[in-house]
Amino acid sequence: MHEKLSLQTEDLKRLIDHMDVAVWIINMENNKAFFSEGFMKIFGRTPEEFYQDVGLWEKTIHPEDIAVAHKRKSEKQKNQVTIDEYRIMIPNGEVRWVQDRGIPYRGKNGQNIYIGIILDITERKMADEKIKYLAYHDDLTGLPNRKFFNEHLNATIKSVKWNESLTLLFIDLDQFKIVNDSLGHNIGDQLLNEVAKRISSCVRNQDIVARHAGDEFIILIENVSKAETDIIAERILSTLVAPFSILENEIFISASIGISIYPLDGRDPETLIKNADAAMYDAKYYGKNNSKYYSLDIENANIRKMSIINGLHKALESQDFELYYQPKIITSSQSVYGVEALLRWNHPILGPISPAEFIPLAEETGMIIPIGEWVLNEACKNYKEWVSQGFAPQCLCINLSPRQLRDPQLLNKIKNIIEVHHFIPQHLEIEITESVAIDNFDDTISILNQIRKTGVKVALDDFGTGYSSLNYLRQFPIDALKIDRTFINEVMVNSQTAAIVKSIISIAHSLKIAVIAEGVETAEQFHFLYDLQCDFLQGYIISPPVPINKIEEILRKNTGPK
Ligand code: C2E
Ligand code: MG
Ligand code: MG
């Protein structure tokens, strides 16, 4: 058993001076004080310095935390236990975080005394801050993340005054998937990083730019007019179309921006973001690389979209679809070489709807798969009928959309239909758009090769509207390309377009690819293309797409090769 030792002040002092904490004692009545050796370890100053300069402690506190020190003083007067965390400045320029606990007690003569312990908590604070930073920032770009944005927007909405407004810009890159799939994730990531920098450079420091998800960014700007917003949106669009140079790749992208305004378009973060997102979709729908404000029109367009989507499900059953056919002629002889099947839909309530409107929605919802099968079947059935009547053209052209091309059953479906209808595969040509071809480049090449192995031909539709890379053209297994009608439209009025069309034809020919011009409307365009030896023509000047009885009439009169 130990005999109990009564502690002497000397023992305690030695103990205190050896601890990794700074201990202080202040007699509030006479201002006498004690500072332990720990002050040297934590504050980088000797206890002596503190004895000599009564105001030194306060002077070491970081200016941003000085309020804490003042609060302490008043609490001390109230005799309360205090626990504070604040930053101190060390003579070598370092800043440290400390935790400072003050405990009041009554001294021997009833004197008011404070005793306190100061710990260095810098490491814990740093770790806390790092965790907080990681939770609120995006790893890749270093921008605030969606969580930060939502919380910040929520807080901003709460503090906004009645005459103030908030503007949200929702930005989505138009061709990011293509870049990511074709050039790889590493380049995709670096591109996002550069995009983040460019977008941030378009706004002021106080505006919040956050990464919402994937290739989506979102900006919060307080109190800007519509005119200023337009300028900012324009600035972002134009900064993003300038080529990016990443690991020796020159990359071209664009963006679509949707804008919503508080309180006009929503009073809570969810609605504001949802509506900016809807406006962004609208901007994409109307050609990308532009910006749109949220409006009731968009709401209405969404309602129309919904009824189209709902209608699509019923249209097959109720046989509301019909195929029209547009002839494709051989330029030199002007005889009909083929026909392109073009889908028509008479909606029971909305009336006729353009495929340009409903095909993308069928695509989005997956309905394009059964619809596309119906088209293929129906067109082959019609073609067989023409064969039996002796006036079938050389070629039946069918459009396939991206989703169909990704359907793992596609090849089997084509083979099956060919078999069922005893179709000669060489008489079938499928048209795919350029953008499809570039999404999932390798997969596309493989499926196209398989399709072509069956004898079925492949044409690249709408050439010139998408990525139009000659490199892709070289690698694609295709038999023909169709120059988009927007080019044909301009050949007589724009000499540059005329030059492009000329080069496309000559490059295609040197790659042994046939060229079809679509949307030929005037005699001048016809002659221009005739002179360039464009192989095939399609367009209103020959015939618009027509119903089956009309195309049969045309085919019957056709004198060309069968
Ligand atoms: P596309 O394959 O490029 O078809 C050509 C479009 O141009 C057709 O529009 C046609 O009516 C129109 N056109 C033809 N000649 C002229 C002309 O001289 N001047 C003008 N201004 N336009 C002309 P349509 O029928 O509205 O089809 C639009 C698009 O919808 C098609 O573009 C095609 O991508 C898609 N599509 C149509 N039917 C189907 C289908 O059965 N399946 C799939 N997946 N897509 C289809
Ligand atoms: Mg087509
Ligand atoms: Mg086309």
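In the numbering used here, the protein residues as written are 543 to 1104. Yeah, the Cβ is synthetic: ideal placement off N, Cα and C, and Gly gets one too.
{"Asked": "How many angstroms separate the CA atom of Ile558 from the CA atom of Pro589?", "Found": "13 Å"}
{"Asked": "What's the gap between the Cα of Phe576 and the Cα of Lys667?", "Found": "28 Å"}
{"Asked": "Which residues does DSSP pair with Pro686 in a beta bridge?", "Found": "His679"}
{"Asked": "Please classify Glu1095: is it buried, with 16 or more other beta-carbons within 10 angstroms of its beta-carbon, or exposed?", "Found": "exposed"}
{"Asked": "Determine the direct distance from the alpha carbon of Asp1004 to that of Leu942, and round the result to whole angstroms.", "Found": "12 Å"}
{"Asked": "Can you tell me whether Asn924 sits near ligand 1, meaning its C-beta is under 7 Å from at least one heavy atom of the ligand?", "Found": "no"}
{"Asked": "Below 7 Å, is the gap between the Cβ of Val962 and the nearest heavy atom of ligand 1?", "Found": "no"}
{"Asked": "Val640: which of Asn651, Leu661 and Pro646 sits nearest, CA to CA?", "Found": "Leu661"}
{"Asked": "Taking Thr1028 as the reference, give the member of Thr1007, Leu953 and Leu598 with the closest Cα.", "Found": "Thr1007"}
{"Asked": "I'd like to confirm something about Asn941: is its beta-carbon nearer than 7 Å to some heavy atom of ligand 2, or not?", "Found": "yes"}
{"Asked": "Does Gln717 pass the burial test, meaning 16 or more other C-beta atoms within 10 Å, or should it be called exposed?", "Found": "buried"}
{"Asked": "Thinking C-alpha only, which one of Gln550, Leu549 and Ile584 is nearest Trp566?", "Found": "Ile584"}
{"Asked": "By DSSP's criteria, Lys870 is part of a beta bridge. Which residues make up the other side?", "Found": "Gly880"}
{"Asked": "Find the nearest neighbour of Cys937 within the set Asn573, Glu882, Asn954 and Val978, judged by alpha-carbon distance.", "Found": "Glu882"}
{"Asked": "May I have the straight-line CA-CA distance separating Cys939 from His963, to the nearest angstrom?", "Found": "16 Å"}
{"Asked": "Measuring only the C-alpha atoms, how far is Ile625 from Val563?", "Found": "15 Å"}
{"Asked": "Grouping DSSP H, G and I as helix and E and B as strand, with all else coil, what is Ala862?", "Found": "The question names Ala, but residue 862 in the sequence shown is Asp. Looking at Asp862 - three-state DSSP - the assignment turns out to be coil, as it is neither helix nor strand."}
{"Asked": "Where does Thr907 fall in DSSP's three states?", "Found": "helix"}
{"Asked": "Roughly how many angstroms lie between the CA atoms of Ser874 and Pro912, to the nearest whole one?", "Found": "38 Å"}
{"Asked": "On the criterion of 16 or more Cβ atoms from any shown chain inside 10 Å, does Ser724 qualify as buried, or is it exposed?", "Found": "buried"}
{"Asked": "Quick one: grab the DSSP three-state call for Ala1056.", "Found": "strand"}
{"Asked": "Could you give the DSSP three-state label for Val641: helix, strand or coil?", "Found": "Correcting the residue type first, residue 641 is Gln in the shown sequence and not Val. Strand."}
{"Asked": "Can you tell me the Cα-Cα spacing of Val737 and Pro785, whole angstroms?", "Found": "11 Å"}
{"Asked": "Label Asp553 either buried or exposed according to how many other C-beta atoms from any shown protein chain fall within 10 Å of its C-beta, with 16 as the threshold for buried.", "Found": "exposed"}
{"Asked": "I need the straight-line Cα distance from Ile490 to Ala609, nearest angstrom please.", "Found": "Any property of residue 490 remains undetermined from this structure, which presents the chain solely from 543 to 1104."}
{"Asked": "At which residues does the alpha helix (DSSP H) containing Phe1068 begin and terminate?", "Found": "Ala1065 to Asp1073"}
{"Asked": "According to DSSP, what are the bridge partners of Phe786?", "Found": "Ile793"}
{"Asked": "Which residues in the same chain have their Cβ closer than 6 Å to the Cβ of Arg809, if we skip the five residues on either side of it in sequence?", "Found": "none"}
{"Asked": "Let me know the secondary structure DSSP gives Glu579 once reduced to three states.", "Found": "coil"}
{"Asked": "Ala904: which of Gly853, Glu927, Lys650 and Asn924 sits nearest, CA to CA?", "Found": "Gly853"}
{"Asked": "Pairing CB atoms from the stretch 855-872 with CB atoms from the stretch 830-843, are three or more of them under 8 Å?", "Found": "no"}
{"Asked": "Under the criterion of a Cβ to heavy atom distance below 7 Å, does Glu1063 qualify as lining ligand 1?", "Found": "yes"}
{"Asked": "According to DSSP, which residues form a beta bridge with Val1000?", "Found": "Ile972"}
{"Asked": "Regarding Asp1021 and ligand 2, is the C-beta to nearest heavy atom distance less than 7 Å?", "Found": "no"}
{"Asked": "State the CB to CB distance for the pair Trp493 and Leu858, rounded to an integer number of angstroms; the pair is presumed to be in contact (CB under 8 Å).", "Found": "Absent from the model: residue 493. The displayed extent of the chain is 543 to 1104, so no value can be given."}
{"Asked": "Ligand 1 and Ile901: does any heavy atom of the ligand fall closer than 7 Å to the residue's C-beta?", "Found": "yes"}
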